[in-house]
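*Asks:* I am attaching a structure below and will ask some questions about it afterwards.
Numbering (the working numbering), first residue to last: -2 to 148.
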C-alpha cells in the first residue's frame, strides 16, 4: 500500500491568506487576501490572483490562471484534459489545455470549466458547463453555458 497525504507543499503565498483545512495545495501561487475553504485541491502551476475566494470542495487543476477579485463557489471543477484520444491523457501533458479566468469572475456551485478563456466581469451560473471561450462580460448559464444577460 502507498498512502499519500494531503497537505500544503511548495506554495507561494501572498499576504493575509486564510486556509481552512484539510486541503491539498501544491506547487502553485496564491495572491494577497485570498480565502481557501476546506476540501479544496489546487494543483501545481496554478496562479490565483489577489482577493479571491475559493469555496469548499473545489478542484483547480494544473494550467489554470485565475485573476483578481474572483469567487469560485462550492464544488466548482476545472478540467485540463479533454480526452482527445478517447480517454485520459495517461500522463501525456502535451494534450492538456490551459484555462484563463479574468478579473471579477464568479463561478457558481458545481460549475464545470473546460479549458477556456473567460474575460473580466463574468458570472457563471450554478451547475453550468463552460465549453467555449467567454469573451463578453455577462451572466452565463446552462449546459453548454450561454449568455443570459449582458453586463
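We put the CB at the ideal spot given by N, CA and C, even for glycine. Predicted, not measured: the structure shown is a model, and the values here were computed from it.
1. Quick one: what's residue 11 bridged to in DSSP?
2. Thinking just about the alpha-carbon of each residue, which of 24, 13 and 18 is nearest to the one in residue 7?
3. DSSP three-state call for residue 133: helix, strand or coil?
4. How is residue 90 classed by DSSP in three states: helix, strand or coil?
5. Taking all protein chains shown into account, decide if residue 109 is buried (16 or more other Cβ within 10 angstroms of its Cβ) or exposed.
6. To the nearest angstrom, how far is the alpha carbon of residue 26 from that of residue 39?
*Replies:* Considering the structure as presented:
1. Here residue 11 is taken as the residue at index 14 of the chain shown, counted from 1. DSSP output for residue 11 lists no bridge partner at all.
2. For the purposes of this step, residue 7 is taken as residue 10 along the chain shown, with counting starting at 1. Here the closest residue by C-alpha is 24.
3. Residue numbering aside, residue 133 sits at position 136 when the chain shown is read from its first letter. Residue state, collapsed to three classes: coil.
4. Position 93 of the chain shown holds residue 90. Helix, per DSSP.
5. Taking the chain shown and counting its residues from 1, the one referred to as residue 109 is at position 112. Label assigned to residue 109: buried.
6. Position 29 of the chain shown, counted from the start, is the residue given in the question as residue 26. Position 42 of the chain shown, counted from the start, is the residue given in the question as residue 39. Approximately 9 Å, taken between the alpha carbons.
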